[in-house]
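Chains A and B, in that order, are what the protein sequence lines are.
Going left to right, the first sequence walks through residues 3 to 503 as the working numbering numbers them.
Going left to right, the second sequence walks through residues 2 to 197 as the working numbering numbers them.
Ideal placement from N, C-alpha and C gives every residue a C-beta, glycine not left out.
This report concerns only the one structure given below.
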Amino acid sequence: MTLTEAPPQPAPSAEPASEPVAGGSILTTADHRRLGRLYIGFALLFLLAGGIVGGLLQVELAGSGVQVTGNAFARLFSFHATVTPLLFLAPLWVGVATAVVPGQIGARDLAFPRLQAFALWSYVVGGGVVVAAYIVGSPRGAGLTLSVPVRVAGASSTATDLWIAGLAVVSIAALVAAVNLLATIVTLRADGMPFSSLPLFSWATFATAAVLVVAIPTFLGGLLLLYLDQHFGGSFFAVGTRGTQQVWQHLLWLFGRPEVYLLTLPGLAVASEIVETQTGRPLVNRNVAMGALGGFAILSLGAWAAGASASTAVVLPTYSALTALVAAPAGVLVLLWLGTLREGRPKPNVTLFYVVAWLLLVLFGVANTIIAAAAKVNAGTAWSTGHLHVVVLGAPVLLGFAAVHHYAPRIWGRALHQGMGGLEVLLLLGGFLVMGLADYLLGYDGAPWHVADLINPKSSWLALEKLGTAGAALVLLGTLVFVANVARTVAGGRGAEEVSA
Amino acid sequence: MSDATLALPAGPETRKSDVLTVATTVAGIAGFMVIVGLFAAYLEVRALAPVWPAKKVSLDNYLGTTLTLTMLMSSVTAEWAVQAMKIGNRRHALTALALTPGFGLAFLNLVWYLVTKVGFGPGSHPYGALFYAFIAATVVNVAVGMGFLIVALLRTFGHQVGPGNTSVARAAAAYWHVVTAGWVLTFVALYVFQHR
């Protein structure tokens, strides 16, 4: 007698849309794995563009005197602050989810494969329009990290119109992808797979997409108002108009603040799966992990109420608690990982090194948050730059790259090179730590942020800026090694480990 | 012992919703959230502006009410189409599916008339920016909904939709109801809350 375990059966394909769609050329493909690969490829291209510009800004600060004049600096700064989070990190997660989620839930394909292709190319075109806006001129939006949308109210500017249009197209693309992933997870799960049995990454993708469906449209409403105001020469967002600054904060932040956390949420799920894989055992309490991931998603919306500082917070009595609460689910997950690692026998693997690096970087950020609170550091100093680079960019980047390593066999059919992966971890962790340390120390000493050059700098400031530049160079180098590793795997280079997808 | 292959019993079958209905409902919620965001912005600016609405701005309640009634009637016809399809009454389904985008077209025509008569532009004052943002979001929602309804109409006309397969019509109607809800919220902002 032979006893076999019945594998999960793919969902019945009553809907024509659930039939797998054959490859074709890159432009016409609707195959979810190829779309995922293309998403990852384009996201890495935008990362290189944003990273190189960020490096230039750091070099400018490290040298005495102004090499990049005010307007050019503002343009480059806005480019770096807009492109890196919106055109790299978010699409990277969409790409990984597009390639991995259908397989994880036992579906043959996405619910609407061609819709995902539409979302991909909309993202590419929208991203291209955003980049074109910076080539044409200086958009009046000072990036998405500031609470004031425009510096000058008045006549229309082609660059600003392009910037708004590009961001709108990218946002719509993200919304379409989120709707598609939601519909896939809700309706195309294998028979016998309830929500409680979803793989953690698919569950996190579901939670992320659900929050985005609520958050992105409000941002689109804000962009629509900004476009009408800018294009028709209105005064809606002018400094003198009462109430409208808060409107921008509400509409931007209901998307922007959760987005900061949502860039990490899928990574937390990937890290959980990595711990499970490398220890060869399930998490010590999987249901708690699912609850923590869901809680992280819901609580991320509450962060909208926070301001850059207590004096500008939208909802003063509650914002601190709401923002701090988001840390609780992440802490629970870390405890679950540690418990699982303690019970299992973890195998040394580059993906696990990435998770450890993420933990070290987050602890570094948390320690500096406590120090800053005790030292009463102002939010408008270089400390904030350091925090953005360590917690908002650095930590999710580590988890994003860990995800690509972890799922590479499913995405490309081959694993990424372990040795190169180890080098990536060292360079990226070292780079983010050095860059963050330099900015944190500058902030403690009162150095301003968002400036083209430090006016009357202390001698220690220039030394710290040079240290920060060295950190940025390490990060850029680590990114290049990662890109080379992916390119090597895509090309099927010698030694690339063949794994059946 | 026999060499028969034994399989572990499959897990309980999971109840799953129709793909199109789920996706359309989620997309409808997203469209509605644009209006909700603008509604919140409207209340904020309305509360803090020194003058509200702007000077010489007065929207005609008659036109606003007509627009609202048009959308409400279109929601009724959309639901009529779904119910007719369920019981296999093809003639009624086709009539209702043709009437609904017709109402949508009438709505867009009235909106165009409203825009030509209001006497201010998006850049005139903060009220103007909000007014046109509401109108633009509604027009996009209505246009998408009309496209969806026309697809449902053509598929019904081509016998691809019937009593056993109403998902396209069901999804199109669900989206249209959300569009109507979005307009009702817009009506509340622009007409009911027109003055402080």
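Min CB distance residue i to chain B below 9 Å
i      : result
A:R116 : no
A:H389 : no
A:L230 : yes
A:A185 : yes
A:G296 : no
A:P420 : The amino acid occupying residue 420 of chain A in the given sequence is Gln; Pro does not appear at that position. Closer than 9 Å: no.
A:P219 : yes
A:F79  : no
A:N182 : yes
A:T210 : no
A:R244 : yes
A:T189 : yes
A:H233 : yes
Cut-off 7 Å between Cβ atoms - residues of its own chain near residue i, not counting five sequence neighbours on either side
i      : result
A:T186 : V103, P104, A109, L112, A113
A:V379 : W385, G445, Y446
A:L227 : F238
A:W205 : A271, M292, L295
Cβ-Cβ distance between residue i and residue j below 9 Å
i      : j      : result
A:T481 : A:L50  : yes
A:V477 : A:L418 : no
A:P201 : A:I107 : yes
A:V133 : A:L169 : no
B:R92  : B:R197 : no
B:F135 : B:A190 : yes
B:Y192 : B:L106 : no
B:A183 : A:G223 : Reading off the sequence shown, one finds Gly at residue 183 of chain B, where the question assumed Ala. Cβ atoms of B:G183 and A:G223: not closer than 9 Å.
A:G270 : A:F234 : As written in the sequence, residue 270 of chain A is Leu, which differs from the Gly given in the question. The answer is no: Cβ separation not under 9 Å.
A:D441 : A:T353 : no
A:G433 : A:A474 : yes
A:G438 : A:F355 : no
B:V180 : B:V145 : yes
B:R171 : B:T78  : no
A:L363 : A:V393 : yes
A:L230 : B:P123 : yes
Residue i burial status per 10 Å Cβ neighbour count (16 or more: buried)
i      : result
A:Q280 : buried
B:Y43  : buried
A:V284 : Looking at the sequence itself, residue 284 of chain A is Pro, so the reference to Val does not match. Classification for A:P284: exposed.
B:I36  : buried
A:R344 : exposed
B:S76  : buried
B:H160 : exposed
A:Y136 : buried
B:W113 : exposed
B:N62  : exposed
B:G89  : exposed
A:G494 : exposed
A:P268 : buried
Residues of its chain near residue i, where Cβ-Cβ distance is below 8 Å and the 5 sequence neighbours each way are ignored
i      : result
A:T220 : H252, L253, L256, F257
A:V138 : T160, A161, L164
A:V336 : L361
A:R39  : G97, A101, I413, W414, V492
Residue-chain proximity (residue i, chain A), Cβ-Cβ < 9 Å
i      : result
B:A137 : yes
B:G122 : yes
B:H126 : yes
B:I151 : no
B:V143 : no
B:F33  : yes
B:T51  : The amino acid occupying residue 51 of chain B in the given sequence is Pro; Thr does not appear at that position. True, the Cβ-Cβ gap to chain A drops below 9 Å.
B:V185 : no
B:A42  : yes
B:L39  : yes
B:V20  : yes
Neighbourhood of residue i by C-beta distance below 6 Å, restricted to the same chain and skipping five residues each side
i      : result
A:L243 : Rather than Leu, the amino acid found at residue 243 of chain A in this sequence is Thr. Excluding sequence neighbours, A:T243 sits near S237.
B:L150 : T101, P102, A173
A:L46  : V485
A:V96  : Y41, A179
A:L91  : L265, P398
Cβ-heavy atom distance, residue i to the ligand GTP, below 8 Å
i      : result
A:V216 : Looking at this structure, you won't find the ligand GTP or any other ligand, since it has none at all.
Closer than 7 Å at the beta carbon, the chain D residues around residue i
i      : result
B:Y133 : Absent from the structure: chain D. Protein chains present are A and B.
### Query
What runs of the beta strand (DSSP E), each 3 residues or longer, lie entirely inside the segment 4 to 82 of chain B?
6 to 8
### Inside the segment 65 to 112 of chain A only - alpha helix (DSSP H) runs reaching at least 4 residues
72 to 85, 92 to 107
### Query
Enumerated in chain order, which unbroken segments of the alpha helix (DSSP H) with a length of 4 residues or greater are wholly contained in the segment 339 to 392 of chain A?
352 to 377, 384 to 389
### Query
Taking only runs of the alpha helix (DSSP H) that begin and end inside the segment 235 to 278 of chain A, which ones reach a length of at least 4 residues, in chain order?
246 to 264
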